[in-house]
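Student: In the working numbering, the protein residues as written are 1392 to 1640. Pasting a structure here, questions to come.
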Ligand SMILES: Nc1ncnc2c1ncn2[C@@H]1O[C@H](COP(=O)(O)OP(=O)(O)OP(=O)(O)O)[C@@H](O)[C@H]1O
Ligand SMILES: [Mg+2]
């Protein structure tokens, strides 16, 4: 186990918007940690059970709980901290109370988000929930970052704008993004992760690794990422992307 890694961290991957890549990211984070020798637990809080099926059929040694009720989620998360190094949670694709429960327990919240305007707009609601969880917890937990996902290669300009627009929502944005990749889309069907898919997945694997290393770095430092991202975003026009400034810090 890397000596620098802070154990007993809980990472929740949340967004009420469906199909943004929560399950894909959550499962990759979990496998990445167990391959480094950590004891990993996974809470599948989404009634569709897609991450549970993926983990079970792949046979990874990950302690798996499928639980959508908020109170059991809180209790399970508390118990798992005593026995596991890393807890990863996959949130549901709607604004369920289970998401709120995850945010009350998590150290880090990752918010995958596509780069379309509707996705960024609906993510504002998610960010509000994260900020309210911080209020309830009377502190800065959970730390949180937006992860831009399913980014099309041919939309560099929009991507850059979306990156900055996401910053306007009041959360830092991971510098590394997950582009729309065939290998990533195939990984659940093949019951594996992109870095175990061979040559055809080299680019997807590199991209995923860079993102996970970035997330891990923030987790270890326990600081917000991309210092100044909000400041940078201040100079941009929200109207251009019609992103409402709905979240007050
Ligand atoms: N980077 C990517 N490149 C290509 N396809 C992707 C990528 N990320 C996710 N997908 C695919 O997009 C679809 C939605 O992803 P995923 O299931 O991870 O989203 P989700 O947010 O968990 O959805 P839900 O809200 O329904 O639980 C899946 O078919 C997945 O394989
Ligand atoms: Mg999912």
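C-beta: ideal position from N, C-alpha, C; glycine also.
Please confirm whether any heavy atom of ligand 2 lies closer than 7 Å to the CB of residue 1514.
Tutor: Result no, Cβ not under 7 Å from ligand 2.
Student: Checking 8 Å against the spacing of the C-beta atoms, do residue 1405 and residue 1457 come in under that value?
Tutor: Their beta carbons are not under 8 Å apart, which means residue 1405 does not touch residue 1457 by this criterion.
Student: Looking at ligand 1, does it come within less than 7 Å of residue 1569, judged from the CB to the closest heavy atom?
Tutor: Yes, the Cβ of residue 1569 comes within 7 Å of a heavy atom of ligand 1.
Student: Assuming residue 1403 and residue 1473 form a contact by the criterion Cβ under 8 Å, report the distance between their Cβ atoms to the nearest whole angstrom.
Tutor: 18 Å between Cβ atoms; not a contact.
Student: Measuring only the C-alpha atoms, how far is residue 1485 from residue 1408?
Tutor: If you take the alpha carbons of residue 1485 and residue 1408, they lie about 6 Å apart.
Student: Just to confirm the assignment: which complete alpha helix (DSSP H) runs, minimum length 4, are found wholly within the stretch 1409-1478?
Tutor: Fully enclosed alpha helix (DSSP H) runs of 4 or longer: 1413-1425, 1441-1449 and 1461-1474.
Student: Output the residue ranges of the alpha helix (DSSP H) runs that lie fully inside the stretch 1530-1580 and measure 4 residues or longer, sorted by chain position.
Tutor: 1547-1559 and 1573-1577, all fully within the stretch 1530-1580.
Student: Please state whether DSSP places residue 1483 in a helix, a strand or coil.
Tutor: Here residue 1483 sits in coil by DSSP.
Student: Assuming residue 1502 is part of the beta strand (DSSP E), what are its boundary residues?
Tutor: 1499-1504 is the span of the beta strand (DSSP E), which, as asked, contains residue 1502.
Student: In terms of residue numbering, what span does the alpha helix (DSSP H) encompassing residue 1592 cover?
Tutor: Per DSSP, residue 1592 belongs to no alpha helix (DSSP H) and is neither H nor E.
Student: What three-state label does DSSP hand residue 1517 in the structure shown?
Tutor: In the structure shown, residue 1517 sits in a helix (DSSP, three-state: H, G or I).
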